[in-house]
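Student: In this note's numbering, the protein residues as written are 1 to 254.
By construction, the Cβ of each residue, glycine as well, lies at the ideal position given by its N, Cα and C atoms.
One structure, pasted below without further comment.
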């Protein structure tokens, strides 16, 4: 099977499974969700998280590389693979977070209250989480990947399902990018950084207070336009919860 079809399959699986992991984590374990609400996580509207999709592709490539064939100590090889997996996933998370901050003026997640965090984007606690996921993948998933890919090669009709996934996914990305563009416009006009997850949670809270229907897969749907909603709450007591002030540039940065 071609490497592109393999990676397409893995991205599909990783994105779906990652979304399930995040939904369960946020519902039952996240300290940021004390009321234990069901939360639709991530940038997209649908049930998938691209970060996990890319992550699974990288984990597969790392585990498949034969760069440690000259090392006879299997324990050392496994340690090196786990370290590379952890560093790779942490870098991937940092790139996604910093691009969102610098380009779109939106903070997709916030680890500012975590020890050892860097710009609130990465921290040791969640790097450990990536290490655990890497170990789970290496021991429990990777040995069966070839079997799954072999099944896929003999059931190419399933590729139609993958094709449908990418069709819906691309439409979703366009829709989500439009939302991000609106948030970016507001952020630039008001010189702030928008807290993405906090905005979603606040919209849900407002809907509950007003006894309005809340759409799990349409978390940014409000009574009025999103820009009007943000403007309404810009000067409210929730300002620091929903927005953060951008650090002004120094003369050398201009």
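Across which residues does DSSP place residue 107 in a beta bridge pair?
Tutor: 195, per the DSSP bridge assignment.
Student: Can you name the residues that DSSP bridges to residue 20?
Tutor: In the DSSP output, where bridge partners are listed per residue, residue 20 has none listed.
Student: Please specify which runs of the alpha helix (DSSP H), each continuous and at least 4 residues long, are wholly inside the segment 183-236, giving them in chain order.
Tutor: The segment 183-236 contains these whole alpha helix (DSSP H) runs: 196-209 and 226-234.
Student: Output yes or no for whether 9 Å exceeds the beta carbon distance between residue 162 and residue 58.
Tutor: Cβ distance not < 9 Å, so residue 162 and residue 58 don't count as in contact.
Student: Where does residue 137 fall in DSSP's three states?
Tutor: Helix.
Student: Kindly indicate the opening and closing residues of the beta strand (DSSP E) around residue 43.
Tutor: That residue, residue 43, is in no beta strand (DSSP E); it is neither H nor E in DSSP.
Student: Is residue 227 close to the ligand MG? I mean its beta-carbon at under 8 Å from any heavy atom of the ligand.
Tutor: Absence of the ligand MG from the depicted structure is noted, as is the absence of any ligand whatsoever, leaving it without description.
Student: Can you tell which of 63, 230 and 245 has the C-alpha that lies nearest to the C-alpha of residue 259?
Tutor: Here the chain covers residues 1 to 254 and nothing more, so residue 259 does not appear.
Student: Out of 220, 158, 207 and 164, which has the shortest C-alpha to C-alpha gap to residue 183?
Tutor: For the residues 220, 158, 207 and 164, the minimum Cα distance to residue 183 belongs to 220.
Student: Have a look at 2, 16, 102 and 239 and flag the residue whose alpha-carbon is nearest the alpha-carbon of residue 42.
Tutor: Nearest option by C-alpha distance: 16.
Student: Let's see if you can read the secondary structure: which residues bound the alpha helix (DSSP H) around residue 58?
Tutor: Element bounds for residue 58: 50-64.
Student: Report yes or no: do three or more beta-carbon pairs, one from the segment 113-126 and one from the segment 167-183, lie closer than 8 Å?
Tutor: With a cut-off of 8 Å, the segment 167-183 and the segment 113-126 do not count as touching, because too few Cβ pairs lie within range.
Student: Helix or strand or just coil, what does DSSP make of residue 243?
Tutor: Three-state DSSP puts residue 243 in a strand.
Student: How would you call residue 85, buried or exposed, if buried means at least 16 neighbouring beta carbons within 10 angstroms?
Tutor: With 16 or more Cβ atoms within 10 Å of its Cβ, residue 85 is classed as buried.
Student: Once you ignore the five residues that flank residue 135 on each side, which residues in its own chain have a CB closer than 7 Å to its CB?
Tutor: Closer than 7 Å at Cβ, skipping near neighbours: 82.
Student: Give me the residue from 174, 237, 203 and 37 with the minimum Cα distance to residue 225.
Tutor: The residue with the shortest Cα to Cα distance from residue 225 is 203.
Student: For residue 95 and residue 50, what's the separation of their Cα atoms in angstroms?
Tutor: Going from the Cα of residue 95 to the Cα of residue 50 covers about 13 Å.
Student: Counting C-beta neighbours from all protein chains within 10 Å, is the total for residue 254 16 or more, i.e. buried, or is it exposed?
Tutor: Below a pLDDT of 50, predicted positions are generally treated as unreliable, and residue 254, at 40, falls in that range; no measurement from the model is reported.
Student: I believe residue 105 touches residue 22 by the beta-carbon criterion, under 8 Å. Please report the beta-carbon distance rounded to the nearest angstrom.
Tutor: With a Cβ gap of about 23 Å, residue 105 and residue 22 do not count as contacting.
Student: Alpha carbon to alpha carbon, how far is residue 35 from residue 65?
Tutor: So the two alpha carbons sit approximately 44 Å from each other.
Student: Short of 6 Å in beta carbon distance, which residues of its chain neighbour residue 230, apart from the five on each side in sequence? Order them along the chain.
Tutor: Excluding sequence neighbours, residue 230 sits near 186.
Student: Under 9 Å, do residue 19 and residue 216 count as touching if we go by C-beta distance?
Tutor: Not closer than 9 Å, so no.
Student: As a quick exercise: from 192, 190, 218 and 193, pick the residue whose alpha carbon is nearest that of residue 201.
Tutor: Looking at the Cα atoms, 218 is the closest of the given residues.
Student: Give the DSSP bridge partners of residue 118, in chain order.
Tutor: Note: residue 118 sits in a beta bridge opposite 122.
Student: Among 242, 14, 40 and 177, which residue has its Cα nearest to the Cα of residue 52?
Tutor: Nearest of 242, 14, 40 and 177 to residue 52, Cα basis: 14.
Student: Kindly indicate which three-state DSSP category residue 71 falls into: helix, strand or coil?
Tutor: Here residue 71 sits in coil by DSSP.
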